[in-house]
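Down below is the structure, laid out as structure tokens.
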Amino acid sequence: MKTEDTLAVALTAKKAKPTEYPQRPGYGTRGRPVTLYANYLDLKSAGAQLFRYHVEISPDSATKKAPAGRKARQLIRLLIEQNFPKSGKTIVTDYKSNLISNLQILDNEEMYQYDVRYRDEYDDEYPENAKVYRVTCQFTGRLNPADLLAYLTSTNPDDQFGSKAEVLQAMNIVLGNHPKIQDWIASVGANKHYAIRGDLCEKWSLGSGLEALRGFFISVRAATARLLLNVQVKYIACYQEGPLGYVIQEFQRGSRDVNSLRRFLVKLRIRVTHIRRKNKRGEIIPRIKTIAGLATTHDGASQTNPPNVRRYGAGPNDVEFFLAAPGQQPSQGTSSGAKGKKGKKPVKAGPAQAGEYISVAKFFDKYYNVKTDPNMPVINVGTTENPSYLPVEVCEVEPGQPAKTKLTPNQTRNMLNFAVRAPRQNATSIVTTGTRLLGLSPQSPTLENFGIQPDCNLITVPGRVLPAPNVLYKDVSKPSQKSVKPQFGSWNMRSIRFSTSTNLSAWTWLVINADGSRPPFAGPADFIDILGKFTDKLNEIGVIAQPAFRGEAISINKNNYESEITAAVARLMSKKPSLILSVLPFSDADYYNCIKRACDLTHGVRNINVLAEKFRKVDPQYFANVGLKVNLKLGGANQVLESKELGLIGQGKTMLVGMDVTHPSPGSSKDAPSVAGMVASVDATLSQWPAEIRVQKSREEMIEDLGDMLKAHLKRWARSHKNAYPENIIVYRDGVSEGQYELVIEKELPRLKKACEETYPASATKQGLPRISISIVGKRHNTRFYPTQEGDADRSGNPSNGTIVDRGVTEVRNWDFYLQAHTALKGTARPAHYFTVWDEIFCRQRPSPPYQNSADILEGLTHHTCYLFGRATKAVSICPPAYYADLVCTRARCYLSSVFDPSSAGSVATGSEPGLKARNTDVKIHDNVQDSMFYI
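Just so it is clear: in the sequence shown, position 731 is 936 by our numbering, and no numbers are missing.
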């Protein structure tokens, strides 16, 4: 803390360069002090000098591609084994492109080339015809953790250290080496590790062929005056270990569709059990194959004697392949149409060879005494052109393989049951199970060799609990405002009404029944009675609602829902409603998405969806929660804060902007795009946030159409401010990783500024308007805090809502902080991380009591806005601009469900043809509702 305070004072006196991140303007001062544990371990010794080498594998002469994945990993392992046998214990690697050693194993700058003989990772000797790969290795620099630590400890504001990222990367490679070389640990990515057997293995069945593993994330982090190890409990959904037939049976409990099964199994690694080879030590050498798919009718079409497959996904009795030498056991040991284990070449075109067709079932019964289930599909572990078939009875699923599929609702519930634990359990798990699994305690040989010593106790950090603001509504008995004091981050709406009421004069309803299901309401009169009580509740809380026009009730199924729902909405539009209330029979994504497309895109009418089961209970709380969305969609303000609580926002000259990008998820079409969403406030109350949506290139994080999106928001602002534009624009950017912070400044900031230059009058731009500040909002980080005193914990054992941490785990030269604004109902609360990458606003603010510096102003503003999320009567975990932008992206996925969540039918599902192309017209909001919060 002494180093933090000394350097913070020095930095405030130093003017940052325009190209740098803004300097921290001191530390926050407001709030009740608390001491918290953080999920970080202190590195007592960071080790000595490191030497880094770049490794590159030359492309294969046949494929013209460099080996990747598991093959590249094995080649790098063999490079070390064959060429540095005496230095092996001093070398660690990321198995991609880097070697790290604590000894200099190559001369400076020179490039060395090695011919590496390849053998499978499970073999203990090289085959006679072992393939040779050319691998280059070059020294790229010395890295000294002590130099980084000296920089972090320095109180000189002019000190610089350009190799910070490289040192941290090298240390992460060293720390990740132990779990990566253990055969009982499955490593996912660079720094997530899960025990798959032994006493540290923790797993849980998710159903439908998947299981969850509990493991740990580890990362070396820089903080003021020290280097830390961030260790966090992690969960992953994996394919269930064991017999493939059992996994398929479990999957088929939820879906019998053959396309779904193919997508579930493709690229799954299995261990073949019908042939066993042993090495010189008598150990069984596992034979690992990768599933390419199921048997199809066009397998091996170019072969002289192609397989006979009666149908797609056929069983072992219905899949026949040509056995070239009848009566003799083939050398390959798998029922293959052509190429076997010994590398036989595919049969060339020409005269038919002597032989016979034999079914997979008969082949394995005759040669391996394996009885097969005729109802189980045959697995292809070759290719479509050159298939190699196996029955499920000889296949075992390898453990620790991440599932590349979207979890079903039931699997999600099971995952939550396993993953949601009390904060104290997670903290204990880190310092016990985590330190053992990661090789921290007792120390692994790698850490001993590199001189790295972690302290295996959680560090403590100072935090502060910020006071909650008063929330304002309208008093039911008086025309004045009524102040509500939140308790534990939430409040209720007893005897109060929305801050700004709205009128609902013309509206109707659509009741959707599912064919074959019991209607949710006793009859039309029953529904009308419930609807009347809902209308009464709307009037009570501030929506002046007239009785609804008579609507429609329709029955649908999975074959006709699209046409039936679309037609019903079109008929209801003849009544010219401003809102349609849709009553769904149950939670169904297809029905929901269809309604949203019809209302938001096609007809331009506000829409609220409710579940029949909940709506018919006439629960006042549920009705009130629905009313929150109704009032927002109609343009009202649910709750507001006093203008003094919002600082410069309350002056009405500052626009808040939220931005996010969503990317294709597992199971999406290969042509699924990324989608950008932007919301912006229109006034000082921060109650209404219209949105813009754009489609862009897949996996592109930087928003391409940022300029046009901002221009649309500036026009909305001008319409409500007598053609004046905001003097300040505060951007909360969601969804950006640490490695992309600079890209926001390099790519997105210029687009924002250009849009303003093209929109604002010249007189404003000459004055430097608008001023822009950008804070990155992080949700997917791995920092957690735990109370050290029971009196500082909430009812779930988490820190109190409003807890803020800007010391201990941060760097004084960066302007960032962690804020847990909400109360987590269960599990471990995740604070939001705010990192300011650009500031032209707060540095100009003159703090007034109770604020003492710009840090107080930004922290206070961010915290207070968390009480203005209009869809809830509680503080939320991230500030509304970022939260709303995330909801906009979620709504865009509804519009584009054909590519983000394709159905099991058609070419999109099988991947045999290009998927549907998404365009901006597919997410173009109808003019009637484009200025509303249609996405809420």
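A virtual CB, placed ideally from N, CA and C, is assigned to each residue, including glycine. Fair warning: this is a prediction, and the values are worked out from it, not measured in the lab.
Determine the DSSP secondary structure at residue i, reduced to helix, strand or coil.
| i | result |
| --- | --- |
| residue 550 | Only weak support exists for where residue 550 lies, its pLDDT of 42 falling under 50; the coordinates are left without a value. |
| residue 479 | strand |
| residue 768 | helix |
| residue 350 | helix |
| residue 375 | helix |
| residue 1027 | coil |
| residue 365 | coil |
| residue 643 | coil |
| residue 258 | strand |
| residue 320 | strand |
| residue 616 | helix |
| residue 573 | helix |
| residue 961 | helix |
| residue 648 | coil |
| residue 398 | strand |
| residue 1131 | coil |
| residue 1103 | helix |
| residue 814 | strand |
| residue 467 | helix |
| residue 565 | helix |
| residue 236 | coil |
| residue 1038 | strand |
| residue 207 | helix |
| residue 1071 | coil |
| residue 1086 | helix |
| residue 520 | coil |
| residue 914 | helix |
| residue 509 | coil |
Going by Cα to Cα distance, which pick from the options is closest to residue i?
| i | options | result |
| --- | --- | --- |
| residue 977 | 995, 938, 1004 | 938 |
| residue 437 | 287, 243, 610 | 243 |
| residue 851 | 1069, 969, 1036 | 1069 |
| residue 1006 | 771, 748, 1080 | 1080 |
| residue 456 | 1140, 435, 379, 411 | 411 |
| residue 645 | 661, 656, 1133 | 661 |
| residue 445 | 470, 527, 423 | 470 |
| residue 1019 | 428, 378, 297, 401 | 428 |
| residue 732 | 714, 719, 748, 745 | 714 |
| residue 257 | 339, 290, 275, 373 | 373 |
| residue 867 | 253, 1000, 899 | 899 |
With a cut-off of 8 Å on the beta carbons, I'd call residue i and residue j a contact; round off their distance for me.
| i | j | result |
| --- | --- | --- |
| residue 670 | residue 239 | 6 Å |
| residue 216 | residue 229 | 6 Å |
| residue 990 | residue 694 | So it is not a contact: roughly 16 Å between Cβ atoms. |
| residue 1097 | residue 1128 | 5 Å |
| residue 592 | residue 564 | Rounded, the Cβ-Cβ distance is 14 Å, inconsistent with contact. |
| residue 191 | residue 602 | Outside the modelled stretch of the chain, which goes from 206 to 1141, sits residue 191, for which no answer is possible. |
| residue 740 | residue 730 | Rounded, the Cβ-Cβ distance is 15 Å, inconsistent with contact. |
| residue 1199 | residue 908 | The shown model of the chain, from 206 to 1141, leaves out residue 1199, and the question about it has no answer. |
| residue 1141 | residue 822 | Between residue 822 and residue 1141 the Cβ distance is about 23 Å, and since that is not below 8 Å, they are no contact. |
| residue 391 | residue 639 | In fact, because the Cβ distance is near 15 Å, the residues do not count as touching under 8 Å. |
Give me the DSSP bridge partner(s) of residue i.
| i | result |
| --- | --- |
| residue 876 | Paired residue(s): none; residue 876 is not in a bridge. |
| residue 247 | 433 |
| residue 925 | Answer by DSSP bridge pairing: none, since residue 925 is not bridged. |
| residue 494 | 475 |
| residue 448 | 601 |
| residue 665 | 242 |
| residue 1172 | As displayed, the chain neither begins before 206 nor continues past 1141, which places residue 1172 out of reach and without an answer. |
| residue 795 | Per DSSP, none; premise fails for residue 795. |
| residue 1043 | 979 |
| residue 686 | 679 |
| residue 611 | None, per the DSSP bridge assignment. |
| residue 298 | 304 |
| residue 386 | Its beta-bridge partners do not exist; DSSP assigns none. |
| residue 342 | 260, 317 |
Cβ of residue i less than 9 Å from any chain C Cβ?
| i | result |
| --- | --- |
| residue 677 | Absence of chain C from the displayed structure is noted, only one protein chain being present. |
Exercise for the section: List in chain order: all unbroken alpha helix (DSSP H) runs of 4+ residues lying wholly within the segment 816-871. Expected result: 817-820, 825-838
Handout entry: Runs of beta strand (DSSP E) wholly within the segment 698-775 (minimum 3 residues, chain order)
Key = 707-709, 712-719, 748-750, 757-761
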